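Below is one structure, written out as structure tokens; comments come after it.
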Amino acid sequence: MFNALLVEKDAEGKTHAAVRSIGMDRLPEGDVTVAVEFSTVNYKDGICVGPGGGLVRTYPHVPGIDFAGVVEASSDPRYAVGDKVICTGWRVGEARWGGYAQKARVKADWLVPLPAGLTTRQAMAVGTAGFTAMLAVMALEDHGLVPGAGQVLVTGAAGGVGSVATAILAHLGYEVAAVTGRPETADYLRGLGAAQIVARADLAETVKRPLEGEVWAGCIDAVGGAMLARVLGQMKYGASVAAVGLAGGATLPASVIPFLLRGVNLLGIDSVMRPYDDRVRAWDRIAQDLPMDKLEAMVQPATLSDLPRLGADILQGRVQGRVVVDVN
Ligand code: NDP
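In this text, residue positions in the sequence shown follow the UniProt record's numbering: the first is 1, and each later residue adds one.
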């Protein structure tokens, strides 16, 4: 038996999440069984712990889009008992049972080895949010961003993606401008390395002029919607925006003029279906370029029974930084 956060649906279609003891025979099929040590809370987890939002296919469901732990059984030659592994993406925790449990079983293809220099706890302090932040940094670098080019904007900065993006960019020598709707997080963001705090309200207005002054040399955007549309018109000539999230909305009320007259690039960042080699590269970069003291400053600890509350909180934009869930 093992403990898991189980989400069940009642006759009226309402979901209920609670910690339950479950038999090993209920784990899904897969090549590798993992004794989970830590998981975390991402925006998507908030959806899957709550009403499911079309992401969860069948109930009862075990959410948790990320986990890190130790291989307990493996029929795949790539992983042996005792190996430490990370799982993110591949719709684990959405369409498939995930990491809010003491045991998980998945395909070997979905795992990556824990990189040298990281613990399973640190890996989950990073989680999908931080992994995606690193993918965004790498995309901006691939499109020519270098330190010294000017200010790099991070939107949704006090959230998970934004916090990790801020810490990595600052460590790499970029001048980070952090957008937040929570002025009380200013000291926290400065502690992560932000050079400037931008009030969310300053970017809240919808686009009136398709081009404004050229301000940002790059942007990692976790917010989407009207804010992303506005930011496009403020990018420097030839600069790139890595579009990561939709915390502020999925529609993009934008003009194409910044693409046509300023050669601005809008780079889509997906973490879920990312091929294996990219994953390993990104995790190695995280181990190298994310200062662990900064990561620790983002962390709030939690247990399985805290997850229904934290799931609701993250959907309301009330979680600061990263949550680490000790499932044991
Ligand atoms: P968080 O909730 O931790 O962070 C989101 C932040 O966005 C909030 O903390 C808040 O920051 C800001 N925000 C929230 N609501 C609004 C709003 N209405 N308008 C403007 N800003 C807002 O979530 P995550 O960091 O985990 O995820 C961020 C986004 O990235 C989500 O949309 C998520 O789905 C997406 N994502 C995408 C991935 C991919 O593969 N593409 C992978 C991981 C996440 P502040 O208080 O500082 O303003």
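Glycine included, every Cβ here is placed at the ideal spot set by N, Cα and C. Note that the structure is predicted; figures quoted are calculated from it, not measured.
- Query: In angstroms, rounded to a whole number, what distance separates the CA positions of residue 330 and V223?
  - Reply: Not covered by the structure: residue 330. The range shown for the chain is 1 to 328.
- Backbone CA spacing between G249 and S75 [nearest angstrom]: One-based indexing of the sequence shown puts residue 249 at position 249. One-based indexing of the sequence shown puts residue 75 at position 75. Those two C-alpha atoms are separated by around 42 Å.
- Using DSSP with H/G/I as helix, E/B as strand and the rest coil, what is T303? Walking along the sequence shown from the start, residue 303 turns up at place 303. Assigned with DSSP and collapsed to three states, T303 falls in coil, not helix or strand.
- Task: Assuming G98 contacts V62 (C-beta within less than 8 Å), just tell me the rounded distance between them.
- Result: Numbered from 1 along the sequence shown, position 98 holds the residue referred to as residue 98. Numbered from 1 along the sequence shown, position 62 holds the residue referred to as residue 62. The pair is a contact, with the Cβ atoms about 6 Å apart (cut-off 8 Å).
- Query: So, do the segment 42 to 49 and the segment 85 to 99 have three or more beta carbon pairs nearer to each other than 8 Å?
  - Reply: With a cut-off of 8 Å, the segment 85 to 99 and the segment 42 to 49 count as touching, because enough Cβ pairs lie within range.
- Just mark Y174 as buried or exposed, buried being the case when its beta carbon has 16 or more other beta carbons within 10 Å. The residue labelled residue 174 in the question sits at position 174 within the sequence shown. So Y174 ends up on the buried side.
- Query: For M298, which residues from the same chain have a beta carbon less than 6 Å from its beta carbon, with the 5 sequence-adjacent residues on both sides left out?
  - Reply: Here residue 298 corresponds to residue number 298 of the sequence shown, with the count starting at 1. S163, G321 and R322, listed in sequence order.
- Query: From this set, H143, A243 and C87, which residue's C-alpha is nearest T120's C-alpha?
  - Reply: Taking the first residue of the sequence shown as position 1, residue 120 is located at position 120. Cα-wise, what sits closest to T120 is C87.
- Range of the contiguous alpha helix (DSSP H) that encloses A186: Residue mapping note: residue 186 aligns to position 186 of the sequence shown, counting from 1. From DSSP, the alpha helix (DSSP H) with A186 extends over A186 to L192.
- Message: Which same chain residues end up closer than 8 Å to Y276 when comparing Cβ atoms and leaving out the 5 residues on each side of it in sequence?
- Response: If you number the sequence shown from 1, residue 276 lands on position 276. Taken in chain order, the residues that qualify are D109 and V112.
- Does DSSP put Y237 in a helix, in a strand, or in coil? Translated into the one-based positions of the sequence shown, residue 237 becomes position 237. Strand, per DSSP.
- So, is P258 buried or exposed, given that buried needs 16 or more other C-beta atoms within 10 angstroms? As a working mapping, residue 258 is identified with position 258 in the sequence shown. P258 is classed as buried because its beta carbon has at least 16 other beta carbons within 10 Å across all chains shown.
- Cut-off 6 Å between Cβ atoms - residues of its own chain near A178, not counting five sequence neighbours on either side: Along the sequence shown, one-based indexing puts residue 178 at 178. Excluding sequence neighbours, A178 sits near V154, A157, T166, L189, A194 and I197.
- Decide if the segment 281 to 296 is in contact with the segment 126 to 137; the criterion is three or more beta carbon pairs, one per stretch, under 8 Å apart. Yes: the two stretches touch, three or more of their Cβ pairs being nearer than 8 Å.
- Task: Using 10 angstroms around the beta-carbon of R209, count the other beta-carbons present and answer buried if the total reaches 16, otherwise exposed.
- Result: Position 209 of the sequence shown, counted from the start, is the residue given in the question as residue 209. Here R209 is exposed, its C-beta having fewer than 16 other C-beta atoms within 10 Å.
- Task: Taking I168 as part of the alpha helix (DSSP H), name the residues at either end of that continuous run.
- Result: Taking the first residue of the sequence shown as position 1, residue 168 is located at position 168. Unbroken alpha helix (DSSP H) run through I168: G160 to H171.
- Task: Might you give, ordered along the chain, the residues of its own chain that have their beta carbon closer than 8 Å to the beta carbon of S255, omitting 5 neighbours on each side?
- Result: Indexing the sequence shown from 1 puts residue 255 at position 255. Cβ-Cβ distances below 8 Å link S255 to V207, P210, A229, L232 and G233 in the same chain, with the five nearest sequence neighbours on each side left out; the list follows chain order.
- Item | Bridge-paired residues (DSSP) for A199 | On the sequence shown, position 199 is the one that residue 199 refers to. A199 pairs with T180.
- Item | Cβ-Cβ distance between A243 and L267 below 8 Å | Mapped onto the sequence shown, residue 243 falls at position 243. Mapped onto the sequence shown, residue 267 falls at position 267. Cβ atoms of A243 and L267: closer than 8 Å.
- Query: Of the residues T40, R26 and M1, which one's Cα is nearest the Cα of A302?
  - Reply: Indexing the sequence shown from 1 puts residue 302 at position 302. Closest by alpha carbon: T40.
- My guess is that T33 and E72 are in contact by the Cβ rule of under 8 Å, so how many angstroms apart are they, rounded? The sequence position of residue 33 within the sequence shown is 33, counting from 1. The sequence position of residue 72 within the sequence shown is 72, counting from 1. The beta-carbon distance between T33 and E72, rounded to whole angstroms, is 5 Å. This is short enough to meet the 8 Å contact definition.
- Please report how far the alpha carbon of F67 lies from the alpha carbon of V215, in whole angstroms. Taking the first residue of the sequence shown as position 1, residue 67 is located at position 67. Taking the first residue of the sequence shown as position 1, residue 215 is located at position 215. Approximately 38 Å, taken between the alpha carbons.
- Query: Taking the alpha-carbon positions, what's the R274 to V126 distance?
  - Reply: Residue mapping note: residue 274 aligns to position 274 of the sequence shown, counting from 1. Residue mapping note: residue 126 aligns to position 126 of the sequence shown, counting from 1. Using only the alpha carbons, I get a separation of about 16 Å.
- Of the listed residues R57, Y79, G52 and G218, nearest to K107 (C-alpha basis): In the sequence shown, the residue the question calls residue 107 occupies position 107. The shortest Cα separation from K107 among R57, Y79, G52 and G218 belongs to Y79.
- heavy atom of the ligand NDP below 7 Å from A247 C-beta: Numbered from 1 along the sequence shown, position 247 holds the residue referred to as residue 247. With a cutoff of 7 Å, A247 counts as near the ligand NDP, since its C-beta is closer than that to a heavy atom of the ligand.
- Item | beta-carbon T166 near the ligand NDP non-hydrogen atom, thresh 7 Å | Taking the sequence shown and counting its residues from 1, one reaches residue 166 at position 166. Checking the Cβ of T166 against the ligand NDP gives no.
- Message: Ignoring anything shorter than 4 residues, give me the alpha helix (DSSP H) runs that lie fully in the segment 108 to 154, in order along the chain.
- Response: Qualifying alpha helix (DSSP H) stretches, in chain order: 120 to 142.
- Message: Is K44 a contact residue of the ligand NDP, with contact defined as CB to any heavy atom under 7 Å?
- Response: For the purposes of this step, residue 44 is identified with residue 44 of the sequence shown, where counting begins at 1. Under cutoff, so the answer is yes.
- Task: Alpha carbon to alpha carbon, how far is I220 from Q316? Give it in angstroms, no decimals.
- Result: Counting from one through the sequence shown, the residue named residue 316 turns up at place 316. Counting from one through the sequence shown, the residue named residue 220 turns up at place 220. For Q316 and I220, the distance between alpha carbons rounds to 21 Å.
- Query: Alpha carbon to alpha carbon, how far is V176 from G191?
  - Reply: In the sequence shown, the residue the question calls residue 176 occupies position 176. In the sequence shown, the residue the question calls residue 191 occupies position 191. It is roughly 12 Å from the alpha-carbon of V176 to the alpha-carbon of G191.
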